[in-house]
Structure formats: structure tokens, C-alpha cells
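Everything below concerns the one structure shown next.
There are 2 protein chains.
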Amino acid sequence: MADSPEFGKVVVFGVGLIGGSFALALKAAGEVEEVVGFGRSVATLTQAIDLGVIDRVGINVGQEVSDADLVLLATPVGQMAEIMARIAPYLGPNTVVTDGGSTKSDVVAAARHAFGERVAQFVPAHPIAGAENSGAAAARADLYRERKVVLTPLPENSVLNVARVRSAWEWCGAQIHELTPAEHDRVFAAVSHLPHLLSYALVHDLAVRDNREVFFTFAASGFRDFTRIAASHPEMWRDISLANRVALLEELDRYRAQLDELRAVLDAGDGQRLEEIFDTARTARRAWQLGQK
Amino acid sequence: MADSPEFGKVVVFGVGLIGGSFALALKAAGEVEEVVGFGRSVATLTQAIDLGVIDRVGINVGQEVSDADLVLLATPVGQMAEIMARIAPYLGPNTVVTDGGSTKSDVVAAARHAFGERVAQFVPAHPIAGAENSGAAAARADLYRERKVVLTPLPENSVLNVARVRSAWEWCGAQIHELTPAEHDRVFAAVSHLPHLLSYALVHDLAVRDNREVFFTFAASGFRDFTRIAASHPEMWRDISLANRVALLEELDRYRAQLDELRAVLDAGDGQRLEEIFDTARTARRAWQLGQK
Chain A
1 MADSPEFGKV VVFGVGLIGG SFALALKAAG EVEEVVGFGR SVATLTQAID LGVIDRVGIN
61 VGQEVSDADL VLLATPVGQM AEIMARIAPY LGPNTVVTDG GSTKSDVVAA ARHAFGERVA
121 QFVPAHPIAG AENSGAAAAR ADLYRERKVV LTPLPENSVL NVARVRSAWE WCGAQIHELT
181 PAEHDRVFAA VSHLPHLLSY ALVHDLAVRD NREVFFTFAA SGFRDFTRIA ASHPEMWRDI
241 SLANRVALLE ELDRYRAQLD ELRAVLDAGD GQRLEEIFDT ARTARRAWQL GQK
Chain B
1001 MADSPEFGKV VVFGVGLIGG SFALALKAAG EVEEVVGFGR SVATLTQAID LGVIDRVGIN
1061 VGQEVSDADL VLLATPVGQM AEIMARIAPY LGPNTVVTDG GSTKSDVVAA ARHAFGERVA
1121 QFVPAHPIAG AENSGAAAAR ADLYRERKVV LTPLPENSVL NVARVRSAWE WCGAQIHELT
1181 PAEHDRVFAA VSHLPHLLSY ALVHDLAVRD NREVFFTFAA SGFRDFTRIA ASHPEMWRDI
1241 SLANRVALLE ELDRYRAQLD ELRAVLDAGD GQRLEEIFDT ARTARRAWQL GQK
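So the protein sequences, as listed, match chains A and B. 1 is the number of the first residue of the first sequence in this note's numbering; add one for each residue after it. 1001 is the number of the first residue of the second sequence in this note's numbering; add one for each residue after it.
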């Protein structure tokens, strides 16, 4: 006799790339009995059913959430507070909630506000996985395979609830890490959000010039790679930047101080220090690259 | 009877990727009778002969340069002033000199100093081509095919000398553009040198932290592309930064002003303006990408 699935009903809010891939992965692992999807767009929900991403479209939030084992919030971060408020009154005693948001302090603050004492049932998560495409059609059972998922457990979380959320992401094939929400936001401000800001800034500064054509004509492969992330979705990055504003401002200020030093070194023609800075960076970048799969 | 080659003797100083590929391309086009190579390393010169990149190793600079049709300076920019001083007394009346340096105002200043009135025989050039590897073994006849070469002709250059240099790079398969040396340096400061500086700065700022490991652990694809150029050669980029210091400082200051604006917008939580900036950048980046081959 086969083992029974670890999760009975899983409810997913937002059946796009993140939520849809989570559902498909649990299904592929045989670890979920039923996936119920909520979303804003009827067309997307219909597509999610057609593609086998979800089994049913949810109608009544209270009814679906009260006996769910697991709820995943996979909407843009800006919509999560509202969904939390809607589900809070109905959370069953055995329901655990997680999310897929790329910032954590703001999500945790919203969760504390919406859930009150029941925030113990909310275990925040950030799957480090993206793809060129979005939407239910882009969802893939293997999106999280060998990718990192950062859990940022709360002091209120029981060991059991953290273990259940960890297990769900592990069934998706992910490598699980743990940080505090503040650590998480600081780290991602530095290695993701700031680079996006810097890349947008470079292209914007060129784009607003009268003679921009001559600049773009001679932009080559270095420019291409440096600015690839400046083609990212403006609304999404506006939201992330605002959601992680405090940590991002701190990282931006550190970076501006670094540029101030570089400017002084360059202005002084201090080739030795310039090469030192470049060399330290190259050594670190190469070591990082070697550590990547 | 086949047409005779356009160039008789071509002398190349520096037989690595840039100089070697130039030689191989002219040979492949059947447009050079003999290539003579000068260089610092006997091993590299020997390799260049073995690979058919050059026909002979030059011994006597005066002798080789006096009857050369074309001389290419393909060493690092920092070595060019010295080579110019060595060849200046021997330039034949029909010898035209070009270079492959990635900065132009400093090379032109060195050329004016070394050549005096004969600077009319120097037509500066910057081939926009690089590769992962360097050295004679990396040289390829097709390196410049469909790549851009920027000529920055001087007021003193005759139409004929500009045409000869243009023709040589065209035989290499390149698309020829013309800018003034100052325009060239401003453009490349903005689209190449500044991005390198910014990328090095980001990685350096992480690399010097005590807790750098946690940052590098969660760096992902956005970081990878943004920082690819931070793995570039420190000595080379030190030299380029110093050689193009004036234009680079101007671009760096523009960029710092752009960051100041972004900081203020973020600090004020002005989502509308933030999205505008991101959107302008994305639109320009996408248009640029579409225009690339």
C-alpha cells in the first residue's frame, strides 16, 4: 500500500509561476490530495485547471481555509495584507500558512497585524526562483528543484509548523535555509534589490539624454549583462523597492560611500588602490562563481 | 591574374588577441603580403609564428617600419607612448599607423607628443571586440567580423590615410564608425568603463564585510549578470580607468547625481516616480536589445 500524501488540502492564493509551480511540485511528489486555487483573474484560474495546476477554483475563503493543511500566499507582496485579513478569521487549528514573497519584514508586519496570536501559524518563506515568464502557463513542477528557499521563522512558530512548511518546500526539491526576516531583507537588498536599482539608474541616465543614440550604438556585451535586470518589470520592482525601503536605503548609502571612495581614488590617480579594489572584487566574484552549480 | 594585396608589409606591435586577429583577418582576405610582429615575450612571438599569425619576428624597428605600409599598435595603452617614440624617427612617407586602444584622447596626446607633425600619419582606432581569452592562441581571423570599429581621425589626417586605415579594418569584416577622440571617450566612459567601475564597487563592498558569506550564499542570477564584468582583469581596468579618468569622473558624477535622486524618491516613498524611472529604463533597454543582432 502506498504512503498517504503528507498534505490533504492545499490552498494557493495566486496561481501564477510561484504558486502554480508549488502546486505542481507537490502533486508530482504525490504529497498533496487536493489543490484549491484563488485568484483575481477567471481566465488565469481556468487555465490553471486546464493545465492541472489546481483541482478546483475556490469560492468561499472561509470554507476552504478552515480545513486546509497548508495555505500558500503567492500573490504580489502588495496584495498579501488584504488576503491575510480575509483568511484570518477562518484559519483552522491545524492550518499552517506560508508565502512566496521576496521581502519579509513587511510581510511579517502584515501577518502580525492580520493574524494576531495566530501569527504562530504563519511561517514566512522566500523561494529564490524566477523565470523569464510568469503566469500559470509558466508554472513547472521542477521550478524549485535545487533552488534555495529561505524560511524566516517567527519566535511564535511551533517547531511542528516550521517543520511542516520546510517539508513542503523540500518536497518541491528546494534547499532550505533559515534567516531572520531582518537578515533576509538586508541580504536581498544587497545582492538583488540594490543591483536592480543601480542597473535601472544607469540605463535611465542614458535614456534621458538628447544624444542617447550615440551611447546606445556603442553599448556592447558588458553593458548587456550589467543592464539585463533593467529590463525587469517596473511595477514589481517598485513594489519590492518600497517594501524593502529601509534595508535598501541602508545598502544604497553604503554603496554611495563606496563610490565616493572610488571617485577620490580615481581623482587622485591612485592606480595602486584602484587595482587593489578591482582585484579584491575579482577574487571574490571568481570564488562565488566557482561555488555556483 | 589575381589582384595584388592592398597592403605589402604590415607591422604589428603586440601579437595577442587584438593584433593577432587583425593579422589573421588581413591574411585570410589575401590583402597583406607580409606580417612582421614585435612583442615583449619571445614565447608569444614564437607561438604567433607557429600559428601563422605573423610571418617574421621583427628585430630592428627602424628597418621594419620605414618601408611598412601599415603599423598597428596593439599593446596595452600604457605601452603605446614608448613604442610611438621608438618608431617616430623611422616612419616612411607612405607608412600609416593605427592602434587598437580602448581609450583615445590619451593615445592621441601621446601620438602628438611622439610624432609631432607626422601625427598626420596616425589614424586612431578602437575595435569593439573582446573575448574571454587573450594571447596569440586566442587570435581568430573572424574576431572583427560584423563588430564595430571606431575611428577617431585627427584634423591633420589626410583623406587618403583615413581611407587606408578604414579599408584595413573593413577587410577584417568590421563596421566602421567615426567619432572625435573626446566623443569616443565620453561614450565609452558611459557604456563600458562606468559599468565596470560600478560592478567592481558592488562586489568589493560585499567582499570586505565580515559576514560576506551570507550575502554571497543568496546571490542569484541578477547578481551573476550584474557582476560578470567585476571578474575582468584588474590591471587592464586600472589602466583604462586612469587613461580615461576625466570622462569617467564626469560620468561617475552624473551617475552619483542620478543615485541621489533615486535615494530621495525612495526615501519619500514616491512609488509613482520610482516606477517612471524604472519604466523609462526598461523601455530603453528593450529597444536597445531589439536593435542588437
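Built from N, CA and C at the ideal position, the CB exists for glycine as well.
### Task
Output yes or no for whether 8 Å exceeds the beta carbon distance between Val1159 (chain B) and His1177 (chain B).
With contacts defined by Cβ atoms closer than 8 Å, Val1159 (chain B) and His1177 (chain B) do not form a contacting pair.
### Query
Using a beta-carbon distance cut-off of less than 8 Å, what residues from the segment 1075 to 1105 of chain B approach chain A?
Near chain A, meaning a CB-to-CB distance below 8 Å, no residue of the segment 1075 to 1105 of chain B qualifies.
### Query
For Val1123 (chain B), which residues from the same chain have a beta carbon less than 7 Å from its beta carbon, with the 5 sequence-adjacent residues on both sides left out?
Contacts found: Val1096, Thr1098, Leu1151, Pro1153, Asn1157, Asn1161, Val1162 and Val1165.
### Task
For my contact list, Ala1139 (chain B) and Ser1021 (chain B) are in at a C-beta cut-off of 8 Å; report their separation, rounded to the angstrom.
The C-beta distance from Ala1139 (chain B) to Ser1021 (chain B) rounds to 5 Å, short enough to fall under 8 Å.
### Query
What residues from the segment 1199 to 1224 of chain B come within 8 Å of chain A, judged by C-beta to C-beta, listed N to C?
Near chain A, meaning a CB-to-CB distance below 8 Å, the residues of the segment 1199 to 1224 of chain B are Ser1199, Tyr1200, Ala1201, Leu1202, Val1203, His1204, Asp1205, Leu1206, Ala1207, Val1208, Arg1212, Val1214, Phe1215, Phe1216, Thr1217, Phe1218, Ala1219, Ala1220, Ser1221, Gly1222, Phe1223 and Arg1224.
### Message
Quick check on DSSP: helix, strand or coil for Leu1091 (chain B)?
### Response
Looking at Leu1091 (chain B) - three-state DSSP - the assignment turns out to be coil, as it is neither helix nor strand.
### Message
Taking CB distances under 8 Å as the criterion, tell me whether Asp185 (chain A) reaches chain C.
### Response
Absence of chain C from the displayed structure is noted, the protein chains being A and B.
### Message
Measuring alpha carbon to alpha carbon, tell me which residue in B:Lys1104, B:Pro1093, B:Asp1055 and B:Gln1063 is nearest Leu1073 (chain B).
### Response
For Leu1073 (chain B), the nearest C-alpha among the options comes from B:Lys1104.
### Nearest neighbour of Ala219 (chain A), chosen from B:Pro1076, B:Ala1287 and B:Asp1106 [CA to CA]
Considering only B:Pro1076, B:Ala1287 and B:Asp1106, the residue with the shortest C-alpha distance to Ala219 (chain A) is B:Ala1287.
### Query
Considering only residues of the same chain and omitting the five flanking positions on each side of Val1061 (chain B), which have a CB-CB separation below 8 Å?
If we look at Val1061 (chain B) and ignore the five residues flanking it on each side, its Cβ neighbours are Phe1038, Arg1086, Ile1087 and Tyr1090.
### Message
If the cut-off is 7 Å on Cβ atoms, which residues from the segment 1238 to 1266 of chain B count as contacting chain A, listed in chain order?
### Response
Of all residues in the segment 1238 to 1266 of chain B, Arg1238, Ser1241, Leu1242, Arg1245, Leu1248, Leu1249, Leu1252, Arg1254, Tyr1255, Arg1256, Gln1258, Leu1259, Leu1262, Arg1263 and Leu1266 have a Cβ within less than 7 Å of some Cβ in chain A.
### Message
Against chain B, with Cβ distances strictly below 8 Å, would Met1 (chain A) count as a contact?
### Response
Confidence in Met1 (chain A) is poor, its pLDDT being 43 and thus under 50, which makes the residue's placement too unreliable to answer from.
### Message
Counting only Cβ pairs nearer than 8 Å, list the residues of chain A close to Ala1231 (chain B).
### Response
Simply Arg282, Arg285, Arg286 and Gln289.
### Message
Which residue wins for smallest C-alpha separation from Gly1222 (chain B), given the options A:Phe216, A:Ala230, A:Phe215 and A:Ser221?
### Response
Closest in C-alpha terms to Gly1222 (chain B), from the list A:Phe216, A:Ala230, A:Phe215 and A:Ser221, comes A:Ala230.
### Query
Would you call the segment 1107 to 1115 of chain B and the segment 1075 to 1082 of chain B touching, i.e. three or more CB-CB distances under 8 Å?
Counting C-beta pairs closer than 8 Å gives three or more between the segment 1107 to 1115 of chain B and the segment 1075 to 1082 of chain B, which meets the contact rule.
### Option in B:Leu1194, B:Met1236 and B:Gly1130 with minimal Cα separation from Gly271 (chain A)
If we check each option's Cα against that of Gly271 (chain A), B:Met1236 comes out closest.
### Task
Return yes when at least one heavy atom of the ligand SAM lies under 7 Å from the C-beta of Phe1022 (chain B), else no.
The ligand SAM is not part of the structure shown, which contains no ligands of any sort.
### Message
Please report the straight-line C-alpha distance between Thr227 (chain A) and Phe216 (chain A), rounded to a whole angstrom.
### Response
Thr227 (chain A) and Phe216 (chain A): Cα-Cα distance of roughly 12 Å.
### Message
Please identify, using Cβ separations under 9 Å, the residues of the segment 136 to 162 of chain A that lie next to chain B, in order along the chain.
### Response
Against chain B - using a Cβ distance shorter than 9 Å - the residues of the segment 136 to 162 of chain A are Arg147, Lys148 and Val150.
### Message
What ranges does the alpha helix (DSSP H) occupy inside the segment 138 to 182 of chain A, keeping only unbroken runs of at least 4 residues that lie completely in it?
### Response
Within the segment 138 to 182 of chain A, the alpha helix (DSSP H) runs of at least 4 residues that lie entirely inside it are, in chain order, 159 to 171.
### Task
Ignore the nearest five residues each way along the sequence and tell me which others in Pro5 (chain A)'s own chain have a CB closer than 7 Å to its CB.
Gly30, Glu31, Val32 and Glu33.
### Query
Do Gln63 (chain A) and Ala1201 (chain B) have their C-beta atoms closer together than 8 Å?
Cβ distance not < 8 Å, so Gln63 (chain A) and Ala1201 (chain B) don't count as in contact.
### Any chain B beta carbon closer than 8 Å to Arg228 (chain A)
Chain B, which has a Cβ nearer than 8 Å to the Cβ of Arg228 (chain A), makes this yes.
### Query
Can you name the residues of chain B whose CB is closer than 7 Å to the CB of Ala190 (chain A)?
For Ala190 (chain A), the chain B residues whose Cβ falls inside 7 Å of its Cβ are Leu1206 and Phe1215, in order along the chain.
### Query
Short check: CB of Ala1168 (chain B) to CB of Leu1026 (chain B), under 8 Å?
In terms of Cβ geometry, Ala1168 (chain B) and Leu1026 (chain B) form a close pair [threshold 8 Å].
#### Entry: Inter-residue Cα distance where the pair is Arg282 (chain A) and Val65 (chain A)
So the two alpha carbons sit approximately 50 Å from each other.
### Task
With a cut-off of 8 Å on the beta carbons, I'd call Asp1225 (chain B) and Asp205 (chain A) a contact; round off their distance for me.
With 8 Å as the limit, Asp1225 (chain B) and Asp205 (chain A) do not qualify as a contact, their Cβ atoms being about 19 Å apart.
### Query
If we cut at 8 Å on Cβ distances, does Pro1005 (chain B) have a partner in chain A?
No, Pro1005 (chain B) lies away from the interface with chain A (no Cβ there is under 8 Å from its Cβ).
### Query
Under 8 Å between C-beta atoms, does Pro1181 (chain B) make it to chain A?
With 8 Å as the cut-off, Pro1181 (chain B) does not count as an interface residue toward chain A.
### Query
Could one say the Cβ of Phe1022 (chain B) lies closer than 8 Å to chain A's Cβ atoms, at least one of them?
It does not; no Cβ of chain A falls within 8 Å.
### Task
Give me the Cα-Cα distance between Lys148 (chain A) and Leu194 (chain A), rounded to the nearest whole angstrom.
Rounded to the nearest angstrom, the two C-alpha atoms are 20 Å apart.
### Task
Tell me, please, whether the CB atom of Pro1124 (chain B) is closer than 8 Å to any CB atom in chain A?
No, Pro1124 (chain B) does not count as interfacial toward chain A.
### Message
On the criterion of 16 or more Cβ atoms from any shown chain inside 10 Å, does His1126 (chain B) qualify as buried, or is it exposed?
### Response
Under this definition His1126 (chain B) is a buried residue.
#### Entry: Below-8 Å beta-carbon distance, Phe38 (chain A) vs any chain B residue
It does not; no Cβ of chain B falls within 8 Å.
### Query
In the DSSP assignment, what residue or residues form a beta bridge with Gly1037 (chain B)?
Per DSSP, B:Val1012 and B:Val1057.
### Message
Given this structure, state the Cα-to-Cα distance separating Thr1233 (chain B) from Val208 (chain A), to the nearest angstrom.
### Response
A small correction: the amino acid at residue 1233 (chain B) is His; Thr does not occupy that position in the sequence shown. About 31 Å.
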